[in-house]
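Q: Can you read through this structure? Questions will come right after.
Protein chains in written order, with the working numbering: chain G, 1 to 397; chain L, 1 to 397.
Given below as structure tokens:
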């Protein structure tokens with residue numbers, strides 16, 4: 001069986017490493033050898049062992065009937081979409097690690113794959129090496145998934161962990177993360193939550209079987225979280241994590257990306273550093289969690305190669321996967337109920353007038369107090385908080 | 001599609017609840033309704049809604065060509081084995097939650113299923129509701145699994161958690177667990193590690209594709225763990241958990257069930273109460289963990305129903321699953337290297353003579369000292385410790 005990799009960056013080269021390092025065991029699991037025939041890249045790689053595999057035109061791959069399986073690790077929506085679509089239409093299976101492509105064109109490419117009796121898989125697009133998409137589609141099939149919430153961005157989790165452990169400021173930790181290669185030079189997509197937003201859109205689409213537009217999901221990042229917020233979190237024995245979360249309500253979901261205060265009893269509380277984890281609550285299963293390396297060359301490539309094996313085992317067959325193009329209207333996020341932690345420059349009396357009897361955290365920042373509300377809807381919170389001088393509000397999970 | 005449940009105890013009745021509660025979403029996922037036609041039990045259940053489904057002879061099910069899928073939730077090797085074998089030979093798919101049956105007869109029943117072009121699945125036999133078997137077989141297929149270690153027994157994890165949190169003695173917590181229904185009247189299989197031993201045998205068999213005999217796996221339970229051991233664990237900032245662990249070495253594995261001291265950085269450290277979790281280390285993936293409810297009626301039934309959906313989707317097809325009857329010779333466990341925590345009634349000088357420069361924990365129990373060795377093989381430890389008056393040794397992960 002012959003394969004091609006489109007895009008030989010961090011993940012694409014990781015796929016090469018996995019396929020060569022574990023060649024024998026993969027061949028045993030598939031029943032035949034997976035031979036890499038092409039690498040699509042604009043660079044030449046002179047002297048490298050894969051030099052002779054490099055081609056510059058995707059049509060060379062699309063038009064070669066020997067190629068059964070194509071890996072897309074280029075990133076971004078275009079030209080990845082054009083290339084992937086062409087491969088599927090040429091009767092080739094495709095796996096991708098590209099969450100931007102999947103969030104935007106997932107339904108379309110799944111349909112194209114079905115029409116051509118091949119598969120379009122994307123295990124690596126959420127949670128890197130963590131198996132989460134296939135477990136949702138093929139294991140948790142006896143359950144109504146009532147909630148899925150994840151720490152799905154390693155960069156922000158590293159930053160939040162360092163801020164929590166060292167008490168450092170956001171800007172300092174971001175710089176350190178950039179120096180270590182954990183954060184990109186332009187870190188916007190990570191720290192403002194855009195990456196997590198696409199990932200929770202994908203997970204929610206898979207659970208409901210319809211298109212969830214990531215642009216419909218209210219998203220806040222962690223760039224506004226300060227060392228003072230961490231001190232308040234410590235004072236109430238909680239940790240701040242950037243969560244991407246989706247909760248069932250009626251026939252739809254409420255989704256959000258935002259920093260949350262987590263209780264030590266929550267399974268996501270202990271997920272530190274660059275690790276990712278996805279928490280699932282099923283109406284029969286109860287709580288479950290999938291934990292591991294959410295990024296990085298080899299872990300992500302491990303998930304891509306898992307898809308390759310799955311497609312090789314289903315070479316002549318489309319594995320049914322429901323994700324209709326029809327758009328799901330998400331519910332109004334102001335309806336979701338939770339507790340809120342609030343920092344205010346108001347008097348205790350004013351807070352009590354608005355929120356009733358609450359416990360206060362004092363002495364962290366001069367001239368302000370902190371408190372945690374009871375469980376209420378966000379609309380209710382907004383209305384009650386409008387009379388106060390709010391410095392910061394963080395939701396509590 | 002018609003199904004039958006053999007054994008209507010805790011799990012069997014849970015399967016009934018899952019199938020009826022989530023009937024519509026399961027039908028949507030399968031593409032047709034799963035109708036429960038028979039319940040095999042020796043009891044009659046007068047007045048219950050399922051009363052008319054009850055039959056007393058398994059042949060009624062085996063001989064009914066309308067039944068496609070059979071659930072085995074009786075427990076124990078016999079008569080479960082005879083019944084399951086008959087169902088597979090009659091061309092029916094079977095799923096089971098019965099670890100005793102799978103550990104003992106897994107290879108045989110997988111072969112029987114293949115010969116009859118049906119499936120024998122057992123996701124619920126390890127980790128209850130946690131998806132672990134299908135993720136190993138269908139997701140982590142690009143990796144060499146170098147280690148799999150789990151907290152796979154809820155009863156013992158509950159006991160260890162309570163002993164750690166409250167400082168209570170083993171006997172008191174066991175009694176409390178029995179009163180709460182978390183431990184059975186005869187708790188031997190749980191507290192002596194026999195349950196965990198079967199589960200790690202199953203996981204190791206799946207990873208290596210051969211029969212691993214659970215009786216070959218050295219097994220210690222938690223009945224010898226005392227409140228003093230917990231104090232020592234606290235003193236070295238670790239927690240004691242009963243682990244079932246398997247590590248690759250050469251072409252085989254070293255497996256063991258025993259209490260281990262876990263570091264706070266280990267993903268299994270935070271797995272408390274009756275929860276289970278399975279840690280996996282792949283040569284490409286790195287660390288991963290699967291967490292959730294490892295027992296209980298509905299979580300376990302959720303996994304059984306996941307198998308039902310999988311089998312219904314592959315009604316006319318055997319899903320390849322490699323688990324040969326040929327036995328794998330496990331490696332000598334004294335070869336595995338780790339650190340050891342040791343309580344001795346010997347002098348510091350004698351300890352230093354045997355183990356070199358170590359840090360001591362004093363003042364926990366009069367007349368003894370504790371210390372942690374460097375990393376060494378168990379054979380090496382045994383030889384060095386032979387000169388000391390050892391009160392207790394606990395391995396460190």
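All residues carry an ideal CB built from backbone N, CA and C; glycine is no exception. A quick note: this is a predicted structure, and the numbers were derived from the prediction, not measured.
If contact means a Cβ-Cβ distance below 8 Å, which residues of the region 281–294 of chain G contact chain L?
A: Here the close residues are 282, 283, 284, 285, 286, 287, 288, 289, 290, 291, 292, 293.
Q: Is it the case that the region 107–116 of chain L contacts the region 340–352 of chain L, given that we only count it when at least three CB pairs across the two stretches are under 8 Å?
A: Touching, no.
Q: Pull up the CB-CB distance for residue 3(L) and residue 67(L), whole angstroms please, since I reckon it's below 8 Å.
A: For the purposes of this step, residue 3(L) is taken as residue 3 along the second chain, with counting starting at 1. For the purposes of this step, residue 67(L) is taken as residue 67 along the second chain, with counting starting at 1. Yes, residue 3(L) and residue 67(L) are in contact; Cβ-Cβ is about 7 Å, under 8 Å.
Q: Give me the residue from 263(G), 307(G), 302(G), 365(G) with the minimum Cα distance to residue 338(G).
A: Position 338 of the first chain holds residue 338(G). Of the candidates 263(G), 307(G), 302(G), 365(G), the one whose C-alpha sits nearest the C-alpha of residue 338(G) is 263(G).
Q: Going by beta carbon distance, what residues of the same chain come within less than 6 Å of residue 365(G), once the five residues before and after it are set aside?
A: Here the question's residue 365(G) lines up with position 365 in the first chain. Excluding sequence neighbours, residue 365(G) sits near 228.
Q: Check each candidate in 90(G), 211(G), 34(G) and name the one with the smallest Cα separation from residue 18(G).
A: Translated into positions along the first chain, residue 18(G) becomes position 18. Cα-wise, what sits closest to residue 18(G) is 34(G).
Q: If you check the beta carbons only, do residue 223(L) and residue 191(L) fall under 8 Å apart?
A: For the purposes of this step, residue 223(L) is identified with residue 223 of the second chain, where counting begins at 1. For the purposes of this step, residue 191(L) is identified with residue 191 of the second chain, where counting begins at 1. Closer than 8 Å, so yes.
Q: Cα separation between residue 273(G) and residue 165(G)?
A: The residue you call residue 273(G) lines up with position 273 of the first chain. The residue you call residue 165(G) lines up with position 165 of the first chain. Roughly 10 Å between the two C-alpha positions.
Q: Our contact map puts residue 306(L) next to residue 123(L) with C-beta atoms below 8 Å; I'd like the distance itself, whole angstroms only.
A: If you number the second chain from 1, residue 306(L) lands on position 306. If you number the second chain from 1, residue 123(L) lands on position 123. Between residue 123(L) and residue 306(L) the Cβ distance is about 6 Å, and since that is below 8 Å, they are a contact.
Q: For residue 210(G) versus residue 328(G), is the C-beta distance shorter than 8 Å?
A: Numbered from its first residue, the first chain carries residue 210(G) at position 210. Numbered from its first residue, the first chain carries residue 328(G) at position 328. Yes, the pair counts as a contact, with Cβ atoms nearer than the cut-off.
Q: Of all Cβ atoms in chain L, is any one closer than 8 Å to the Cβ of residue 13(G)?
A: For this step, residue 13(G) is matched to residue 13 along the first chain. Chain L contact via Cβ: absent.
Q: Taking the C-alpha atoms as reference points, what is the distance between residue 385(G) and residue 243(L)?
A: As a first step, residue 385(G) must be located in the first chain, where it is residue number 385. As a first step, residue 243(L) must be located in the second chain, where it is residue number 243. Their Cα atoms are separated by approximately 49 Å.
Q: Counting only Cβ pairs nearer than 9 Å, list the residues of chain L close to residue 123(G).
A: The residue labelled residue 123(G) in the question sits at position 123 within the first chain. Residues of chain L passing the Cβ test: 139.
Q: Can you tell me the Cα-Cα spacing of residue 354(G) and residue 367(G), whole angstroms?
A: As a working mapping, residue 354(G) is identified with position 354 in the first chain. As a working mapping, residue 367(G) is identified with position 367 in the first chain. When rounded, the distance between both Cα atoms is 19 Å.
Q: I need the straight-line Cα distance from residue 188(G) to residue 168(G), nearest angstrom please.
A: Position 188 of the first chain, counting from 1, holds the residue named residue 188(G). Position 168 of the first chain, counting from 1, holds the residue named residue 168(G). Straight-line Cα distance between these residues: approximately 20 Å.
Q: So which residues on chain L does residue 302(G) lean against when the C-beta distance must stay under 7 Å?
A: As a position in the first chain, residue 302(G) is number 302, starting the count at 1. Simply 142, 143, 282, 284, 285.
Q: Does any C-beta atom of chain G lie closer than 8 Å to the C-beta of residue 321(L)?
A: As a first step, residue 321(L) is located in the second chain; it is residue number 321 there, counting from the start. No, residue 321(L) lies away from the interface with chain G (no Cβ there is under 8 Å from its Cβ).
Q: Taking 8 Å as the threshold, find out whether the region 85–105 of chain G comes into contact with the region 276–295 of chain G through three or more Cβ pairs.
A: No: fewer than three Cβ pairs fall under 8 Å.
Q: Quickly, what does DSSP pair residue 150(G) with across the bridge? List them, please.
A: The count along the first chain starts at 1 and reaches residue 150(G) at position 150. DSSP, once it has assigned bridges, lists 244(G), 278(G) as partnering residue 150(G).
Q: For the beta strand (DSSP E) that contains residue 401(L), what are its first and last residues?
A: Nothing in the structure corresponds to residue 401(L), since chain L is present only between 1 and 397.
Q: Mind checking residue 292(G): buried by the 16 CB within 10 Å criterion, or exposed?
A: By one-based count along the first chain, residue 292(G) stands at place 292. Residue 292(G) comes out buried.
Q: Distance, Cα to Cα, residue 197(L) vs residue 258(L)?
A: The residue labelled residue 197(L) in the question sits at position 197 within the second chain. The residue labelled residue 258(L) in the question sits at position 258 within the second chain. For residue 197(L) and residue 258(L), the distance between alpha carbons rounds to 10 Å.
Q: Who are the neighbours of residue 98(G) on chain L, taking C-beta pairs under 7 Å?
A: Here residue 98(G) corresponds to residue number 98 of the first chain, with the count starting at 1. Residues of chain L passing the Cβ test: none, with the nearest at roughly 18 Å.
Q: Between residue 161(G) and the rest of its own chain, which residues show a CB-CB distance below 7 Å, the 5 nearest in sequence each way excluded?
A: Residue 161(G) sits at position 161 when you count from the first residue of the first chain. These residues qualify, in order along the chain: 272, 273.
Q: Between residue 299(G) and chain L, is any beta-carbon pair separated by less than 8 Å?
A: Position 299 of the first chain holds residue 299(G). Closer than 8 Å: yes.
Q: Runs of 3 residues minimum, wholly inside the region 35–61 of chain L: which ones carry the beta strand (DSSP E) assignment?
A: Counting only runs of 3 or more, we get 35–40.
Q: So which of 370(G), 304(G), 109(G), 76(G) has the shortest CA-CA distance to residue 87(G)?
A: Numbered from 1 along the first chain, position 87 holds the residue referred to as residue 87(G). Among 370(G), 304(G), 109(G), 76(G), the Cα nearest to that of residue 87(G) belongs to 109(G).
Q: Along chain G, in chain order, which residues have C-beta atoms closer than 8 Å to that of residue 51(L)?
A: Walking along the second chain from the start, residue 51(L) turns up at place 51. Those within 8 Å of residue 51(L) in chain G number zero; the least Cβ separation is about 23 Å.
Q: Quick one: list the residues of chain G neighbouring residue 309(L), beta-carbon separation under 7 Å, in chain order.
A: Taking the first residue of the second chain as 1, we reach residue 309(L) at position 309. Within 7 Å Cβ-Cβ: 141, 142.
Q: From the beta carbon of residue 130(L), is the nearest beta carbon of chain G less than 8 Å away?
A: Start at 1 with the first residue of the second chain, and residue 130(L) comes out as number 130. Yes - at least one Cβ of chain G is within 8 Å of the one on residue 130(L).
Q: So which residues on chain G does residue 150(L) lean against when the C-beta distance must stay under 7 Å?
A: Residue 150(L) sits at position 150 when you count from the first residue of the second chain. None at all; the shortest Cβ gap to chain G is about 13 Å.
Q: Hey, how far is the Cα of residue 12(G) from the Cα of residue 97(G)?
A: For this step, residue 12(G) is matched to residue 12 along the first chain. For this step, residue 97(G) is matched to residue 97 along the first chain. Approximately 9 Å between the Cα atoms of the pair.
Q: Taking Cβ positions, are residue 283(L) and residue 396(L) nearer each other than 8 Å?
A: Counting from 1 along the second chain, the entry for residue 283(L) is found at position 283. Counting from 1 along the second chain, the entry for residue 396(L) is found at position 396. No.
Q: Just the chain L side, please: which residues come within less than 8 Å of residue 119(G) by C-beta, in chain order?
A: The count along the first chain starts at 1 and reaches residue 119(G) at position 119. Correct list: empty, because the minimum Cβ distance to chain L is about 13 Å.
Q: Could you tell me which chain L residues have their CB closer than 8 Å to the CB of residue 22(G), listed as they occur along the chain?
A: As a working note, residue 22(G) is residue 22 in the first chain. Those are 142, 143, 144, 283, 284, listed as they occur along chain L.
Q: Closest to residue 136(L) by CA distance: which of 79(L), 205(L), 239(L), 157(L) is it?
A: Residue mapping note: residue 136(L) aligns to position 136 of the second chain, counting from 1. Of the candidates 79(L), 205(L), 239(L), 157(L), the one whose C-alpha sits nearest the C-alpha of residue 136(L) is 205(L).
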